[in-house]
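Residue numbers (my numbering): 1 to 575.
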């Protein structure tokens, strides 16, 4: 058998092996790309991001709710009808689900932090992340002595801190619990910035965080930027240990809002492709960008439907709400509905201007063996992930299908598309926990992640459009003609399997040449082959009815994968 050389596999390993063709898009996909590329309004998506990012969004607060109602108006303008008012033949519907919050919501209003001599350290106007979520207001301007108790978890509380303000380089939540709750401090100042935020470069950045809601003590926590921390330390060093604060926040009862919008399928409306974008979190890219893209994905699909250009067989659902919570509820509160959710996709941090933020667009894969053995061009993001086990694998064609669509988009538009092994932490998690294929679209490393420098100037219109186009093209292909989609999926997944096995074979040769463990290398090849055999077998789930001919094609594909694996294993054994 002729083995592919490593040099020919460089392109494949970068992408999990999208089969190269003379044209950019697969023939089935090309019409969807052309119509979506023409229809998706990047300007509107950007305007939505700009509206939403002006607010510090916590579930139930004014900014969160205004964002929900803004999206509602966009949907209504495109022809979505409120579900309770919809006729049986209305295919574009939406509803806003309202639930009482089991805790008060929180909203920052204003704040200043100064040294005792009046030198400014922080101002809410330029650092809106300065107050920890759940902080109470001060009673006007208040002055306190500051006690520095160190850093990390090994803090020095030898000094009585009751009635004083405690500073440490540690988690604000941990510090609040140790200093305020346990020892009666008046409040806390905390500094902790991950290295990837480049705090010595981005000296004004503050990552948002929160403290426990303590309605008895009604205290507060302030998060420091690198610049503010350095000024404070210099003042303390020189014996200037007092600070002044003036904080204003709102804490009030509210309700949780979730938008569930749908384009109903014309043949199998109970089957669904579900998009999800979370509204909470205060940033532009995280995650006003996801809301902006998904709102325009919904709007574009509505316009295409009304123009007679698309007619999905299955339903496309668009969720806007609280991260993980809203998606999990949508899946778990209706067992029958959950059975027919075919695919899930999370849009989270999808607007980055990477020339400014750094990082790249990423597709976080469902758990595959790359999350067990992360090697070659596979690598975790700086967000972080742990090695998985074989028992945690979720074999499915969805990985390569979505990757191929986005690689096509990238090739057409000169846009970089990368992948990372499964890490979790967003709206794809509830899908996977409920045995539904789910992927995350995102960016990392973003040096402004979770900071108050994540604003509209870090958002790219072209990125919004690239992500939105790839997402909608993927959904339209999967919710369209079943047999054509199944045929494409089987072909692409089989090709991906062969390419991946050859990539792993080349990596195994390198390891064995370095006296690596032969049994381990064989295990890696066996595990990848098993993962892809099961992924190929799952390609039949796109069909509503059994198709004996397609079953034969699946059997042939699995034999091709197994034969390739066996040949490679034999070769490895003889190295």
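Glycine is no exception: its CB is placed at the ideal position from the N, C-alpha and C atoms. Quick caveat, the model's predicted, so the values are computed rather than measured.
| Item | Value |
| --- | --- |
| Counting C-beta neighbours from all protein chains within 10 Å, is the total for residue 72 16 or more, i.e. buried, or is it exposed? | buried |
| Just the Cα atoms here: how many angstroms apart are residue 444 and residue 359? | 5 Å |
| Please report how far the alpha carbon of residue 306 lies from the alpha carbon of residue 419, in whole angstroms. | 35 Å |
| For residue 290, write down the residues that DSSP places opposite it in a beta bridge. | Looking at the DSSP assignment, residue 290 forms no beta bridge with any residue, so it has no partner. |
| Residue 258 bridges to which residues according to DSSP? | 97 |
| Would you tell me roughly how many angstroms separate the C-alpha atoms of residue 664 and residue 507, rounded to the nearest one? | Limits of the chain in this structure are 1 at one end and 575 at the other, which puts residue 664 out of reach. |
| So the alpha helix (DSSP H) residue 333 belongs to, where does it begin and stop? | No alpha helix (DSSP H) contains residue 333, which DSSP labels as neither H nor E. |
| With a threshold of 8 Å on Cβ separation, who are the neighbours of residue 231 within its own chain once the five nearest residues in sequence on each side are excluded? | 115, 119, 121 |
| Which residue spans inside the region 302-390 form an unbroken beta strand (DSSP E) run of at least 3? | 314-321, 341-347, 360-364 |
| Grouping DSSP H, G and I as helix and E and B as strand, with all else coil, what is residue 548? | helix |
| Work out the CA separation of residue 259 and residue 478 for me, nearest whole Å. | 23 Å |
| Might you give, ordered along the chain, the residues of its own chain that have their beta carbon closer than 6 Å to the beta carbon of residue 228, omitting 5 neighbours on each side? | 121, 122 |
| Who does residue 187 pair with in a DSSP beta bridge? | 165 |
| Rounding to the nearest angstrom, what Cα-Cα distance links residue 563 and residue 211 in this structure? | 57 Å |
| In the DSSP assignment, find the unbroken alpha helix (DSSP H) run with residue 173 in it and report its ends. | 172-176 |
| Could you check the C-alpha separation between residue 403 and residue 61 for me, to the nearest Å? | 36 Å |
| To the nearest whole angstrom, what separates the beta carbons of residue 534 and residue 395, a pair I think is in contact under 8 Å? | 4 Å |
| How about the region 459-466 and the region 369-386: do they share at least three Cβ pairs that are nearer than 8 Å? | no |
| Quick test of your reading: residue 197 and residue 451, contact by CB under 8 Å. State the CB separation rounded to the nearest angstrom. | 6 Å |
| Report the rounded CA-to-CA distance for residue 256 versus residue 291, giving the unit in angstroms. | 17 Å |
| Within 10 angstroms of its Cβ, does residue 88 collect 16 or more other Cβ (buried), or is it exposed? | exposed |
| In angstroms, rounded to a whole number, what distance separates the CA positions of residue 100 and residue 509? | 59 Å |
| Between the Cα of residue 247 and those of 275, 278, 141, 314, spot the shortest distance and give me the residue it belongs to. | 141 |
| On the DSSP letters alone, give me the boundaries of the beta strand (DSSP E) that residue 272 sits inside. | 268-278 |
| Which runs of the beta strand (DSSP E) fall wholly inside the region 423-504 and span at least 3 residues, in chain order? | 438-444 |
| Who are the Cβ neighbours of residue 484 in its own chain at under 7 Å, not counting the five residues just before and after it? | 28 |
| Quick check: the Cα distance between residue 127 and residue 234, rounded to an integer number of angstroms? | 21 Å |
| What's the call for residue 332, buried or exposed, on a 16-neighbour Cβ count within 10 Å? | exposed |
| Just checking my contact of residue 505 with residue 525 at CB under 8 Å: how many whole Å lie between their CB atoms? | 7 Å |
| At the level of alpha carbons, what is the spacing between residue 39 and residue 79? | 16 Å |
| Please state whether the Cβ-Cβ distance between residue 600 and residue 430 is less than 7 Å. | Outside the shown range of the chain (1 to 575) lies residue 600, about which nothing can therefore be said. |
| Does DSSP put residue 149 in a helix, in a strand, or in coil? | strand |
| Of the residues 489, 529, 421, 481, which one's Cα is nearest the Cα of residue 379? | 421 |
| According to DSSP, is residue 233 part of a helix, a strand, or is it coil? | helix |
| Based on the DSSP output, what are the partners of residue 532 in its beta bridges? | For residue 532, which the question treats as bridged, DSSP gives no partner whatsoever. |
| Taking buried to mean at least 16 other C-beta atoms within 10 Å of its own C-beta, is residue 549 buried or exposed? | exposed |
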